[in-house]
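The next block holds one structure in the form of C-alpha cells; read it before the comments.
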Amino acid sequence: MRNWLVLLCPCAVGVALHLWLLLSCSGGPGRHPAGPLAFFPHWKPKQYDVIVGVLSARHNHELRNVIRNTWFKHLKQHPALSQRVLVKFIIGAYGCDVPVEDREDPYSCKLLNITNPVLNQEIEAFNLPEDTPSVLSEDRVVSVNFKVLYPIVITSLGVFYDADDVGFQRNITVKLYQAEQEEALFSALFSPPSCGVQVNRLWYKPVEQFILPESFEGTIVWESQDIQGLVSRNLHKVMVNDGGGVFRVITAGEGSLPHEFTEGVEGIAGGFIYTIQEWGFWGQTGKGARESWVVAKEALREEMAVLLQNYKAAEKLQYIIPVRHRYFCFGNRTVESTSFDLLLKTDDDCYIDLEAVFNRIKLKSLDRPNVWWGNFRLNWAVDRTGKWQELEYPSPAYPAFACGSGYVISKDIVEWLASNSERLKTYQGEDVSMGIWMAAIGPKRYQDSLWLCEKRCESGMLSSPQYSPQELAELWQAKEMCGDPCRCEER
Numbered sequence: 059m060r061n062w063l064v065l066l067c068p069c070a071v072g073v074a075l076h077l078w079l080l081l082s083c084s085g086g087p088g089r090h091p092a093g094p095l096a097f098f099p100h101w102k103p104k105q106y107d108v109i110v111g112v113l114s115a116r117h118n119h120e121l122r123n124v125i126r127n128t129w130f131k132h133l134k135q136h137p138a139l140s141q142r143v144l145v146k147f148i149i150g151a152y153g154c155d156v157p158v159e160d161r162e163d164p165y166s167c168k169l170l171n172i173t174n175p176v177l178n179q180e181i182e183a184f185n186l187p188e189d190t191p192s193v194l195s196e197d198r199v200v201s202v203n204f205k206v207l208y209p210i211v212i213t214s215l216g217v218f219y220d221a222d223d224v225g226f227q228r229n230i231t232v233k234l235y236q237a238e239q240e241e242a243l244f245s246a247l248f249s250p251p252s253c254g255v256q257v258n259r260l261w262y263k264p265v266e267q268f269i270l271p272e273s274f275e276g277t278i279v280w281e282s283q284d285i286q287g288l289v290s291r292n293l294h295k296v297m298v299n300d301g302g303g304v305f306r307v308i309t310a311g312e313g314s315l316p317h318e319f320t321e322g323v324e325g326i327a328g329g330f331i332y333t334i335q336e337w338g339f340w341g342q343t344g345k346g347a348r349e350s351w352v353v354a355k356e357a358l359r360e361e362m363a364v365l366l367q368n369y370k371a372a373e374k375l376q377y378i379i380p381v382r383h384r385y386f387c388f389g390n391r392t393v394e395s396t397s398f399d400l401l402l403k404t405d406d407d408c409y410i411d412l413e414a415v416f417n418r419i420k421l422k423s424l425d426r427p428n429v430w431w432g433n434f435r436l437n438w439a440v441d442r443t444g445k446w447q448e449l450e451y452p453s454p455a456y457p458a459f460a461c462g463s464g465y466v467i468s469k470d471i472v473e474w475l476a477s478n479s480e481r482l483k484t485y486q487g488e489d490v491s492m493g494i495w496m497a498a499i500g501p502k503r504y505q506d507s508l509w510l511c512e513k514r515c516e517s518g519m520l521s522s523p524q525y526s527p528q529e530l531a532e533l534w535q536a537k538e539m540c541g542d543p544c545r546c547e548e549r
C-alpha cells in the first residue's frame, strides 16, 4: 500500500527510528522545542528486539483506539513479547486550517484562490500583447501543461498566425492530452482550406466538448506539419486569462518535471477558448465563508486536545512530530540512546500479527545486519498527477520499495539513515522515499508476500492494509476466537 498520509505526512521511517527524539528536532538540530508539546519527555533507554512505528493521521483517533484494544493490548499481555517490543504512534503535529472545500485539491493544504470568476461567457485562455510581433520560431512542436482548479469546458483550440501571411497558409495540428495519456482527448487540424475562425490574433476551430473536472491535468501540443516552425512565445510573454483562477499553467520553472508524453519545447503557440462550468459552492462568500474557516480552526484545536488527552491516557503510546521536518527528525542521539535490533514500520489502518512476525524472524534468521524485509513493488511507475503526484524524482519508475502495510529494517540501516539525515531528500511518499534511499546502499532484500499490499485476508498474513476501525476490530476478534482470522467462519 502506498502511503496515503499526504496532507499530514508525519515523520515515517526516520521518526520511527528515532521515536524518543520527539520535538527536540522541531527547532533544528541541537535546539529545544517550544509551545504546548515541549513538555513531552524522552523515552528512557531500554533493550528491545523490535520497535514498531505506526504512521497515523491526526484525525484517526478511532483507528488508534482500536489498535490499543486489539493487537497492542494482546502484546502487553503476552508473557514472552511484552518486554521485547516498543510500539509508538507517529502523528503529525500540524493539521490544515483550510476548509476542505477551499483547498486547491483534496491532497494538499493550498488555498484555492478563485476571485471574481468570469461566468456565462467564453474566455480566451491566452493572448499576445498588442506590441508583441508575430514572428516564426524554429520550434515545430510546442506544448504547455496546465491544471484545472474548477471545472471548465474547452470549446475551441487555436493557433497564433503569422501577420505577414495573406490568409492562413499553414498546416498545424493542435491536440489536448490528459497528463500521462498517449491518446489525445480531442484535436483540431488547421490548413489553408480549413482554418477556422479568426479571433483577435488567433485562428480557432471548435472541438468536441468535455467537462474537465477539478484537478484535471492536461497538455496542449501544437505541431507544425510544414517545414517552418510555429509562431510561439515564451510562457512569460503571453497574457493568461485564467477566469479568476479556475486553471493554472504549470511551468518547468516551478521545479516540476514534464509529463511522460509531453512533446516539444515549453511555450505557447496558440490557445483555447473555454467556459466555466456551472458555479457551485465556491460562490460562497461573506458570513458563510468566514464560518467555514472558524469551524476548520476549531476542529484543529479540538483535534490537538484529543491528541494530548490520549497521549496522557495511553501510557505515552504516541509521538506528536512536526510535519515540516518529516524524515529529518532523526539524529545520532536516538540511535546511541536506545538498544534495539529491528524496526517495523506500519500504518494505522493495518492488521498486524506480531507473534507471526517474531516467528518468521526466528525461522528465517532475520535478526542480522543489512536486512530489509517486506513485500516489494518492482518497476512501479512514477505518478506525475493525482494523489501520488511526484514532480521531483526524474526516472519513470521507482527503485524497489516495500509496501507500506509493513516492513522491517535492521539497526545498521537505521544508523545509516540517522547519520545521513541532513543529506537525504524526501519525495512524495515515505515508502517510495525509503526505496530511493536504499538504492544507494543495496541492503539484502527479503521478499515476503505475507506482508500484504492490498486489502484481503490470507492465512498466515503478517499484515493487511486499508481497514476501517470496525473491520480491524472484527478481524482481531476472529483471530482471538479461531486463531486464524481468515478461516474463522469455516470452523
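My numbering applies: residue 59 is where the sequence shown begins, and numbers increase by one.
Every residue gets a Cβ at the ideal spot worked out from N, C-alpha and C, and that includes glycine.
Sheet register partners of residue i (DSSP bridge)
i: R503; result: W430
i: T333; result: V211
i: W261; result: V217 and Q256
i: F268; result: None, per the DSSP bridge assignment.
i: I308; result: N203
i: R435; result: F459
i: K295; result: Paired residues: none, contrary to the question.
i: F398; result: Y106
i: N185; result: M297
Pair within 7 Å by beta-carbon distance, residue i and residue j
i: I181; j: G301; result: yes
i: A242; j: V232; result: no
i: R545; j: A237; result: no
i: V200; j: S290; result: yes
i: I334; j: I172; result: no
i: Y219; j: D407; result: no
i: W431; j: L424; result: yes
i: E159; j: Y208; result: no
i: G186; j: G287; result: The sequence given here places Leu at residue 186; Gly does not occur at that position. No.
i: S463; j: P527; result: no
i: Y106; j: L133; result: no
i: I230; j: S282; result: yes
i: V206; j: L530; result: no
i: S214; j: P264; result: yes
i: K403; j: Y456; result: no
i: A183; j: F330; result: yes
Continuous beta strand (DSSP E) stretch holding residue i: start and end
i: G150; result: V143 to G150
i: E281; result: E275 to S282
i: L243; result: A242 to F248
i: I230; result: I230 to Q236
i: V158; result: First-last for V158: undefined, no H or E at that position.
i: V472; result: Element bounds for V472: not the beta strand (DSSP E) but the alpha helix (DSSP H), K469 to S477.
Proximity winner among the options, relative to residue i (alpha-carbon distances)
i: G493; options: L508, L510, E480 and L475; result: L475
i: V176; options: Y332, P137 and S463; result: Y332
i: D40; options: Q227, G462, I326 and W446; result: The question about residue 40 has no answer here: the residues shown for the chain are numbered 59 through 549.
i: V516; options: E532, W495 and D542; result: According to the sequence provided, residue 516 is Glu. The question's Val does not apply to it. With distances taken between Cα atoms, E516 lies closest to D542.
i: P454; options: E480, A460, V490 and Q283; result: V490
i: K469; options: D399, L510, F459 and L533; result: D399
i: V156; options: V145, F147 and L170; result: L170
i: G518; options: E529, C540 and A531; result: C540
i: H294; options: K168, S249 and T190; result: T190
i: R306; options: V202, W280 and N433; result: V202
i: Y235; options: D107, G276 and Q505; result: G276
i: E480; options: V466, G303 and W495; result: W495
i: D506; options: L260, L530, F459 and Q535; result: F459
i: M297; options: G328, V323 and C154; result: G328
i: N292; options: P264, G303, Y262 and V323; result: V323
i: G487; options: L113, K104 and I109; result: L113
i: F204; options: T309, W446 and V257; result: T309
i: R122; options: N174, V108, F147 and Q535; result: F147
i: G150; options: V472, Q256, N118 and E512; result: N118
For residue i, the first and last residue of its enclosing alpha helix (DSSP H)
i: F416; result: L412 to K422
i: L533; result: P527 to C540
i: I125; result: H119 to R126
i: S517; result: Looking at the DSSP string, S517 is not in any alpha helix (DSSP H), and its letter there is neither H nor E.
i: V490; result: E488 to M496
i: K134; result: W129 to Q135
Residue i: CB within 6 Å of a non-hydrogen atom of the ligand ATP
i: N123; result: Among the components of this structure there are no ligands whatsoever, and the ligand ATP is therefore not found.
* Asked: Are there three or more Cβ pairs, one per stretch, closer than 8 Å when the stretch 441-461 is compared with the stretch 406-422?
  -> No: the two stretches stay apart, fewer than three of their Cβ pairs being nearer than 8 Å.
* **Stretch-stretch touch, CB-based, cutoff 8 Å, three pairs: the stretch 426-440 with the stretch 496-515** => The answer is yes - the stretch 496-515 touches the stretch 426-440, with three or more Cβ pairs under 8 Å.
* Asked: Do the stretch 257-275 and the stretch 137-146 make contact, defined as three or more Cβ pairs closer than 8 Å?
  -> Result no; under three Cβ-Cβ pairs closer than 8 Å.
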